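Notes follow the structure.
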Ligand SMILES: Nc1ncnc2c1ncn2[C@@H]1O[C@H](COP(=O)(O)OP(=O)(O)OP(=O)(O)O)[C@@H](O)[C@H]1O
Ligand SMILES: [Mg+2]
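Chains as they are written, first to last, in the numbering used here: chain A, 1 to 381; chain B, 1001 to 1228.
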């Protein structure tokens, strides 16, 4: 039966192409969506770490012009500040995580880097979430992409700083942001390198919930927090983070609605085309019957055709979808290009599910073909 | 070898009952070439499809080689068609995407090893040796009908049923098709042709006339060959 189906497929090229295109579109869009989505999920953690922070707490004396120019505060405050913030039982604000860090510009390999010492994340006691971000072991460094390039270092290499050996734990992927010139280490190590023991110069408070959210809360927050943290000042960076998160969620939600819709459209497309094909082949079906072929054979012709086209569509659709994901995924999902990779498991799924979708969709046309009265068509002259 | 008793086929249409076949009694013996004549609408095609296990009659029975065809289930009837009955139609009904050989072998279920060489020999005999790999749309009407003949003949069925096989052909091609049917009959096959023309007449050894679904006694009715 397979050679028969293949001949018919190549004979009615127009019909085949239209059916193929419909299924390719569905598979391609699904593949593109799913691979960008899983990339987006992988990225979410990073995005949240960068942009989901609602508050930055800086040393009071920080020169804000300088801060924005260079990306870190020139002042420091005691490490204990973060503990005090963590223990504060205020009514105005709750948080998920607090991350204290010491940021310092140093020269490394003939260029400037920002050395960031990260204290272990403090998780809010009433939240059960695991700490975000990455944990860094003592005497190891995580290099930003640009730093790695400049120094020609890769993970496993060793680097000497202030007379101590540091192991390069990893070189990060290119983020396309200032993080590419960051070097991360533990707070202790960085305090040692910078000669500022017990000091930090930034606290990020992630996922803060402000209980006065309906009016601009910044001044209230500032007053409240600066009362308990006289050595600090508070900056809220809500706008950009929210906008990005919302945009991403919107795209995601649109696709969540779109994917079943897409499948249904694809199925209807195949069903209609199959039915037209069955109509066109009425006399052929009559002849198969006259030649003594049974209903299983007739149904096999129709469903088999859909499945074979589905198989090719699965293959091509995966290819198109994957290309789409790599090309346009980064812009619509606000994620870095490197995060999207070819998900080979989706190829397997496309090759299984697209033929199945096509088979299901051609079931009714196949039944039309099987129940068609061959005598009717054969009488026609 | 083929008999039918009080065979009736009625169609229920919006304008009332149409009696397409009315109390047909017919007996065809092995090796006969029967011509069934009748005007358009007289029930010729209906008779042919009913005899050929393709259409359930409203009433009556068709006995083919000792089996009451419409007592069989659909699958069993299909098996009878595939092994013992060949059809030829006015519209040829070739499968458009299969070449000549493919069409001839369409009914073959692939377990006859000699089927391919047999079909080619048959096509040679029908003068289509140079057309084996052409598609139906590359053939003339006469050639198409000869392909259809080859398809009907290739499994060496006991019975060939032809519905206006010459209806779309010029006199020359009509004669040729009839000659091939005749040769098949002479080799021991049974042939029933329904037609409203007279191209077949000279080849048949019996002719019956059909009018409004009934067999009418005509001058050409030859009672001596009317035996089971
Ligand atoms: N589905 C149907 N519903 C109603 N009447 C039908 C149906 N099919 C056939 N008929 C009627 O049955 C009668 C016999 O039809 P049939 O096709 O057997 O005629 P025919 O002798 O083969 O005609 P022709 O020479 O034109 O092919 C016709 O009067 C036709 O109108
Ligand atoms: Mg007819």
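The beta carbon of each residue, even a glycine, is placed where N, CA and C say it ideally should be. From a predicted model like this one, the values you see are computed outputs, not experimental measurements.
query                                                                                                                                                                  : result
Roughly how many angstroms separate the alpha carbons of residue 31 of chain A and residue 256 of chain A, rounded to a whole number?                                  : 13 Å
With distances taken from CA atoms, which of A/149, A/33, A/150, A/157 is nearest residue 139 of chain A?                                                              : A/157
Please indicate yes or no: does the CB of residue 1102 of chain B lie closer than 6 Å to some heavy atom of ligand 1?                                                  : no
How is residue 6 of chain A classed by DSSP in three states: helix, strand or coil?                                                                                    : helix
Would you give the residue range spanned by the alpha helix (DSSP H) that residue 235 of chain A belongs to?                                                           : Taken as a continuous stretch (DSSP letters only), residue 235 of chain A belongs to no alpha helix (DSSP H), being part of the beta strand (DSSP E) at 232-236.
For a quick check, are the C-beta atoms of residue 306 of chain A and residue 362 of chain A less than 7 Å apart?                                                      : yes
Which residues, in order along the stretch 1-34 of chain A, keep a beta-carbon less than 7 Å from a beta-carbon of chain B?                                            : 7, 8, 11
Tell me, which residues are paired with residue 1156 of chain B by DSSP?                                                                                               : Per DSSP, none; premise fails for residue 1156 of chain B.
Along chain A, in chain order, which residues have C-beta atoms closer than 7 Å to that of residue 1195 of chain B?                                                    : Simply none; closest approach about 12 Å.
In the DSSP assignment, the beta strand (DSSP E) including residue 1176 of chain B goes from what residue to what residue?                                             : Where residue 1176 of chain B is concerned, there is no enclosing beta strand (DSSP E), although the alpha helix (DSSP H) it sits in stretches over 1171-1186.
Please tell me whether, using a cut-off of 6 Å, the distance from the CB of residue 1127 of chain B to the nearest non-hydrogen atom of ligand 1 is below it.          : no
So residue 374 of chain A contacts chain B; which residues on that side make the cut at Cβ distance below 7 Å?                                                         : 1054
From A/137, A/57, A/353, pick the residue whose C-alpha is nearest to that of residue 310 of chain A; which is it?                                                     : A/353
Using a Cβ cut-off of 7 Å, pull out every chain A residue sitting near residue 1095 of chain B, in sequence order please.                                              : 284, 287
Can you tell me whether residue 1116 of chain B is buried or exposed? The criterion is at least 16 other CB atoms within 10 Å of its CB, across all chains shown.      : exposed
Are the C-beta of residue 291 of chain A and some C-beta of chain B separated by less than 7 Å?                                                                        : yes
Could you give the C-beta distance for residue 1020 of chain B and residue 1003 of chain B, rounded to a whole number, given that I count them as a contact under 8 Å? : That belief does not hold up - the Cβ atoms of residue 1020 of chain B and residue 1003 of chain B are roughly 19 Å apart, past 8 Å.
From the DSSP output, read off the bridge partner residues of residue 382 of chain A.                                                                                  : There is simply no residue 382 of chain A to check, as chain A begins at 1 and stops at 381 in what is shown.
So if DSSP puts residue 366 of chain A in a beta bridge, which residue, or which two residues, is it bridged to?                                                       : Answer is none; residue 366 of chain A lacks a bridge partner.
Hey, which residues come within less than 6 Å of ligand 1, measuring from Cβ to any heavy atom, in chain order?                                                        : A/379, A/381, B/1011, B/1013, B/1018, B/1020, B/1038, B/1040, B/1041, B/1042, B/1043, B/1044, B/1045, B/1046, B/1196
Show which residues of chain B have a CB atom less than 8 Å away from the CB atom of residue 294 of chain A.                                                           : 1074, 1075, 1078
Report buried or exposed for residue 289 of chain A, applying the criterion of at least 16 other Cβ atoms within 10 angstroms of its Cβ.                               : buried
If you reduce the DSSP assignment to three classes, tell me which class residue 1025 of chain B lands in.                                                              : strand
Relative to chain A, which residues along the stretch 1201-1219 of chain B have a C-beta separation below 8 Å, given in chain order?                                   : none
Work out the CA separation of residue 1007 of chain B and residue 1122 of chain B for me, nearest whole Å.                                                             : 35 Å
Measure from the alpha carbon of residue 264 of chain A to the alpha carbon of each residue in A/4, A/26, A/184, A/198, then state which is nearest.                   : A/26
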